[in-house]
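K.L.:
Would you mind keeping the following structure in view while I ask a few things?
Residue numbers (the working numbering): 17 to 436.
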């Protein structure tokens, strides 16, 4: 990871860097006091991104405004994320009881964390300075889910709450930090709840439904009120979104159709992340109907197939389906009807944790299926050799992609060439 990003410490600011912190005088902190912390929560991001804004102010104070300090912090956050993903995957493997004679939890966790962290598609979240907002939110999101699973494992093993209290407490603290890092963290409570169902109570949804069917009528009335309030809030959100679409060349329905293609395209980009496919900007044809372009319908059908697989194979392949669920859920906000730009590679940073987990376990399941054809020792040699080759290749590709970030001319020339 350090080698892959060793050539980025002098990379210039681009796009959102300027209005977020380069020209934002509230981060130019000379003296730290209570007023300073209050000011950092009163930027145009509000409290929702207070922690990233705090880190920008700290970088300015420590490095005297030198961009090297900002890049070092981004790289350190990425390294922390590597260890956080390693921690999460180990716990998922333990919770799902997917140990095999070939691969133990630490081995699988190392593979997932390394292949995720070294993928060149992550350069937009690490080298692009302002996107530490995505990487900081990802760090706390991953840790919160991991701490919950850790606490839940101890709770189920001992049958007592006290041994699990530290894990639950850490889950709450890191969740609060995620909520202060970026708005995408809104899906975190749902993710934690789904991890409970996936790994500890596979019958949970059926039990809730059975209980609800026999519950007193007052609960149905309360549920109806909640749905009505939710619908009213949804309509108010749509009204606010309509103002955002005023400056876009697409509407909400067009964006929704287009994102169906983009979510599948992201998977292809992650699987084949050659620098020629990576860019700060992407030319995207807007979908105006199910058949224009034809890939719109293909994207929708592909998403439906993924959803079907998650639901139907949840118990047989808990880790794979959890990874696919993680990928889908963490694209829900930025890849639906919120009036944002259509595509940015940094949006893959957190979702690709689940994608990598699912892909690695798909390969491991295939290996288990054909395991009898080779000895355990042969499979282990093949696995570690393949892993080493992939990590080496990804490191070189990431380093090569980061060459485009050398200065303001190279990064914009690259974007203009790929997305004229």
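Don't be surprised by glycine CBs; every beta carbon is placed ideally from N, CA and C.
Which residues does DSSP list as the beta-bridge partners of residue 303?
P.N.:
Its beta-bridge partners do not exist; DSSP assigns none.
K.L.:
Between the Cα of residue 99 and those of 390, 369, 391, 342, spot the shortest distance and give me the residue it belongs to.
P.N.:
When only C-alpha atoms are compared, the closest one is 369.
K.L.:
Just to confirm my understanding: we take residue 390, look at its own chain, exclude 5 residues before and 5 after, and list those with CB closer than 8 Å. What are they?
P.N.:
Excluding positions up to five away in sequence, the list reads 398.
K.L.:
To test your reading of the DSSP string, which unbroken alpha helix (DSSP H) runs of 4 or more residues are found completely within the segment 256 to 325?
P.N.:
You should have 268 to 287.
K.L.:
Please classify residue 89: is it buried, with 16 or more other beta-carbons within 10 angstroms of its beta-carbon, or exposed?
P.N.:
Buried, since its Cβ has 16 or more Cβ neighbours within 10 Å.
K.L.:
Report the three-state DSSP secondary structure of residue 191 (helix, strand or coil).
P.N.:
Helix at residue 191.
K.L.:
Work out the CA separation of residue 309 and residue 86 for me, nearest whole Å.
P.N.:
Cα to Cα, the separation comes out at about 41 Å.
K.L.:
If you scan the segment 56 to 131 from start to end, which runs of the alpha helix (DSSP H) of 4 or more residues do you find wholly inside it?
P.N.:
Here the runs fully enclosed are 66 to 79, 83 to 112.
K.L.:
Would you kindly check if the distance between the Cβ of residue 418 and the Cβ of residue 84 is under 7 Å?
P.N.:
No, the pair does not count as a contact, with Cβ atoms beyond the cut-off.
K.L.:
For the alpha helix (DSSP H) that residue 175 lies in, which residues bound it at each end?
P.N.:
Premise fails: residue 175 is in no alpha helix (DSSP H) and is neither H nor E.
K.L.:
Do you know how far the Cα of residue 274 is from the Cα of residue 362?
P.N.:
Spanning the two alpha carbons is a distance of roughly 18 Å.
K.L.:
Just to confirm my understanding: we take residue 171, look at its own chain, exclude 5 residues before and 5 after, and list those with CB closer than 6 Å. What are they?
P.N.:
Cβ within range, chain order: 180.
K.L.:
Could you tell me whether the Cβ atoms of residue 107 and residue 166 are closer together than 7 Å?
P.N.:
Yes.
K.L.:
I'd like to know whether the C-beta atoms of residue 291 and residue 144 end up nearer to each other than 7 Å.
P.N.:
It is not a contact, given that the beta carbons lie outside the stated cut-off.
K.L.:
Kindly indicate the opening and closing residues of the alpha helix (DSSP H) around residue 337.
P.N.:
Taken as a continuous stretch (DSSP letters only), the alpha helix (DSSP H) holding residue 337 covers 334 to 345.
K.L.:
I need the boundaries of the alpha helix (DSSP H) containing residue 428, first residue and last residue.
P.N.:
Per DSSP, residue 428 belongs to the alpha helix (DSSP H) from 424 to 434.
K.L.:
Three-state secondary structure (DSSP) at residue 400?
P.N.:
Looking at residue 400 - three-state DSSP - the assignment turns out to be helix.
K.L.:
Report the option in 351, 331, 289, 40 whose CA atom is closest to the CA atom of residue 316.
P.N.:
Selected option, being the one with the closest Cα: 351.
K.L.:
Under 7 Å between C-beta atoms, does residue 380 make it to chain B?
P.N.:
In the structure shown, chain B cannot be found, because there is only a single protein chain.
K.L.:
With a threshold of 8 Å on Cβ separation, who are the neighbours of residue 422 within its own chain once the five nearest residues in sequence on each side are excluded?
P.N.:
Answer for residue 422: 23, 26, 27, listed in chain order.
K.L.:
Are residue 43 and residue 21 close, meaning C-beta to C-beta below 7 Å?
P.N.:
Taking 7 Å as the Cβ cut-off, residue 43 and residue 21 do not qualify as a contacting pair.
K.L.:
Would you kindly report the start and end of the unbroken alpha helix (DSSP H) that includes residue 438?
P.N.:
Any property of residue 438 remains undetermined from this structure, which presents the chain solely from 17 to 436.
K.L.:
Look at residue 435 and residue 265 and say whether their C-beta atoms are less than 7 Å apart.
P.N.:
Contact flag unset, no.
K.L.:
Buried or exposed: where does residue 284 fall if 16 or more other Cβ atoms within 10 Å of its Cβ makes it buried?
P.N.:
Answer is exposed; the Cβ neighbour count stays below 16.
K.L.:
Can you list, in chain order, the residues of its chain whose CB lies under 6 Å from that of residue 218, leaving out five sequence neighbours each side?
P.N.:
For residue 218, where only same-chain residues beyond five positions count, the Cβ hits under 6 Å are 331.
K.L.:
Report, in whole angstroms, the separation of the C-beta atoms of residue 102 and residue 129, which I expect to be a contact under 8 Å.
P.N.:
Right, their Cβ atoms sit about 4 Å apart.
K.L.:
Look at the alpha carbon of residue 206 and the alpha carbon of residue 50, and state the distance between them as a whole number of angstroms.
P.N.:
When rounded, the distance between both Cα atoms is 34 Å.
K.L.:
Please report the Cβ distance between residue 52 and residue 414, rounded to the nearest whole angstrom; I am assuming they are in contact, meaning their Cβ atoms lie under 8 Å.
P.N.:
Not really, about 36 Å apart at Cβ, beyond 8 Å.
K.L.:
List the whole-angstrom C-beta distance separating residue 157 from residue 133, where the pair is believed to meet the contact cut-off of C-beta under 8 Å.
P.N.:
Not quite, the Cβ-Cβ distance comes to about 16 Å (not below 8 Å), so this is no contact.
K.L.:
Apart from the five residues on each side of it in sequence, which residues of its chain come closer than 8 Å, Cβ to Cβ, to residue 201?
P.N.:
Here the set comprises 153, 156, 157, 191, 194, 195.
K.L.:
Helix, strand or coil: how does DSSP classify residue 359 here?
P.N.:
Here residue 359 sits in coil by DSSP.
K.L.:
Determine whether the beta carbon atoms of residue 411 and residue 92 lie at a separation below 7 Å.
P.N.:
In this structure, residue 92 does not lie closer than 7 Å to residue 411 by Cβ.
K.L.:
Using C-beta distances below 6 Å, list every residue in its chain close to residue 59, excluding the 5 sequence neighbours before and after it, in chain order.
P.N.:
These residues qualify, in order along the chain: 42, 69.
K.L.:
Count the other CB atoms, across all protein chains shown, that sit within 10 Å of the CB of residue 301; report buried if there are 16 or more and exposed otherwise.
P.N.:
With fewer than 16 other Cβ atoms within 10 Å, it is exposed.
K.L.:
Classify residue 21 as helix, strand or coil using the three-state DSSP reduction.
P.N.:
Residue 21: coil per DSSP, three-state reduction.
K.L.:
Return yes when at least one heavy atom of the ligand HEM lies under 6 Å from the C-beta of residue 431, else no.
P.N.:
Annotation note on the ligand HEM: not contained in the displayed structure, which lists no ligands.
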